[in-house]
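Asks: Mapped onto the numbering used here, the consecutive letters of the sequence shown carry residue numbers -7 to 304.
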Amino acid sequence: MSDIVTITPNPAVDVSTTVERIMPVAKLRGTTQQRDPGGGGINVARVITRLGGDVTALYPVGGPTGQLLKQLVESEGVTSLTWTTAEHTREDFFVQERATAQPYRFILPGPTLSESEWQAGLALLARIDPFPRFVVGSGSLPRGVPTDYYARIAALVRARGAQFILDTSGPALAAAVAGGVDLIKPSLREMQELAGGELPDAAAWERAARALVASGKAGTVALTMGHLGALLVTSERVLRAQPLTMVPVNAVGAGDSFLGALVAKLAAGAPLEDAFRFAVAAGAAALLRTGTALCDPSDVNRLLADVRLETA
-7 MSDIVTITPN PAVDVSTTVE RIMPVAKLRG TTQQRDPGGG GINVARVITR
43 LGGDVTALYP VGGPTGQLLK QLVESEGVTS LTWTTAEHTR EDFFVQERAT
93 AQPYRFILPG PTLSESEWQA GLALLARIDP FPRFVVGSGS LPRGVPTDYY
143 ARIAALVRAR GAQFILDTSG PALAAAVAGG VDLIKPSLRE MQELAGGELP
193 DAAAWERAAR ALVASGKAGT VALTMGHLGA LLVTSERVLR AQPLTMVPVN
243 AVGAGDSFLG ALVAKLAAGA PLEDAFRFAV AAGAAALLRT GTALCDPSDV
293 NRLLADVRLE TA
């Protein structure tokens, strides 16, 4: 079994196209069509694979879209470990308006999972032998799945002596950190939700991240802040990455690219500082790609030299 397993409770087939302009009523004819496997954990696994890592993606599949999803995942060289749901896997839609270069994202709710279906995911993870060193939970929870689903996964992973890394939001994130996770990758919005209020400046971001680490809710906080850069906080140090100067094509997949690169380097034995630097380059590289294509390794390696870290 792989050193890394990603879990995506609510995966999707991402459909991307471009139109001249988005307007009501009229038929909007796309000029391109692209289908990619989607969902946080699947995207993380795609990035890890591109960067040469060994990873298995664990996710539910339902109906024809579920079978298409599995084909798309495996076409990128990612090993799949799946379980079946009665309802169909969802599709999401990404539309780029050429007239304004503005992206539009339409996220569908996905299937409702029965208790036996979401329990099947936990059981599948528990049966993995040998157990991976890193488990990454990423993405939203589908309907029917309890808010503490990631918290249950964290407890399972902890009992097996592995590290649990989490990228989610809202009540699912709050429930998971209440029991403690090894690393979280919140956005600034998600960090404010955890903190229970607005974080107006860099000092407030750092205080909030330090508080999470000091409380034992997270061993490491990797805070991604878009055009404001990124922050890495542990019990021993704080690193701040300045944003790279570039003209972004779109922001879709930047967070997943960041996390995939971070985990790939950690699994390869890189020091945390080097892994963070590489992750920042990967997140920036994703901004250069259209649709849901994620980062390209050649762009990551080219941008790596431009990443500047500061010790707070």
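Glycine included, C-beta positions come from ideal geometry on N, C-alpha and C.
Just so it is clear, the structure is predicted and the values come from calculations on it, not from any experiment.
How do the stretch 84 to 92 and the stretch 6 to 13 stand: do at least 3 beta-carbon pairs fall below 8 Å, yes or no?
Replies: Touching, yes.
Asks: Taking the Cβ atom as the reference point for each residue, do residue 232 and residue 304 lie within a distance shorter than 8 Å?
Replies: Along the sequence shown, read from residue 1 onward, the residue named residue 232 stands at position 240. Along the sequence shown, read from residue 1 onward, the residue named residue 304 stands at position 312. Yes; because the gap between Cβ atoms is below 8 Å, this pair is in contact.
Asks: So within the stretch 102 to 167, which uninterrupted beta strand (DSSP E) runs reach at least 3 residues, ignoring any that extend past its ends?
Replies: Listed in chain order, the complete beta strand (DSSP E) runs (minimum 3 residues) inside the stretch 102 to 167 are 126 to 130 and 155 to 159.
Asks: By the DSSP assignment, the alpha helix (DSSP H) with residue 58 in it spans what residues?
Replies: The count along the sequence shown starts at 1 and reaches residue 58 at position 66. Taken as a continuous stretch (DSSP letters only), the alpha helix (DSSP H) holding residue 58 covers 55 to 67.
Asks: Answer with buried or exposed for residue 322, where buried requires no fewer than 16 other C-beta atoms within 10 angstroms of its C-beta.
Replies: Since the first residue of the chain shown is -7 and the last is 304, residue 322 is not available in this structure.
Asks: Rounded to whole angstroms, what's the CA-CA distance from residue 248 to residue 0? Just pull it up for me.
Replies: Position 256 of the sequence shown holds residue 248. Position 8 of the sequence shown holds residue 0. Cα to Cα, residue 248 sits roughly 12 Å from residue 0.
Asks: Are the CB atoms of residue 288 and residue 124 nearer to each other than 8 Å?
Replies: In the sequence shown, counting from the first residue as 1, residue 288 sits at position 296. In the sequence shown, counting from the first residue as 1, residue 124 sits at position 132. Cβ distance not < 8 Å, so residue 288 and residue 124 don't count as in contact.
Asks: From what residue to what residue does the beta strand (DSSP E) around residue 82 run?
Replies: Here residue 82 corresponds to residue number 90 of the sequence shown, with the count starting at 1. Run containing residue 82: 82 to 89, per the beta strand (DSSP E) assignment.
Asks: Looking at residue 49: is its Cβ nearer than 8 Å to the Cβ of residue 65?
Replies: Taking the sequence shown and counting its residues from 1, one reaches residue 49 at position 57. Taking the sequence shown and counting its residues from 1, one reaches residue 65 at position 73. Result yes, Cβ atoms of residue 49 and residue 65 sit closer than 8 Å.
Asks: Could you tell me the distance, in whole angstroms, from the CA atom of residue 52 to the CA atom of residue 212?
Replies: Locating residue 52 in the sequence shown gives position 60, counting from the first residue. Locating residue 212 in the sequence shown gives position 220, counting from the first residue. Roughly 28 Å between the two C-alpha positions.
Asks: Of all the options 256, 130, 196 and 281, which has the alpha carbon lying nearest to the alpha carbon of residue 240?
Replies: Here the question's residue 240 lines up with position 248 in the sequence shown. Ranking the options by Cα distance to residue 240, first place goes to 281.
Asks: The alpha helix (DSSP H) that contains residue 229, what's its start and end?
Replies: Here residue 229 refers to the residue found at position 237 when the sequence shown is read from its first residue. Unbroken run through residue 229: none, as it is neither H nor E.
Asks: Nearest-angstrom Cα distance between residue 116 and residue 63?
Replies: As a working note, residue 116 is residue 124 in the sequence shown. As a working note, residue 63 is residue 71 in the sequence shown. The straight-line gap from Cα to Cα measures roughly 20 Å.
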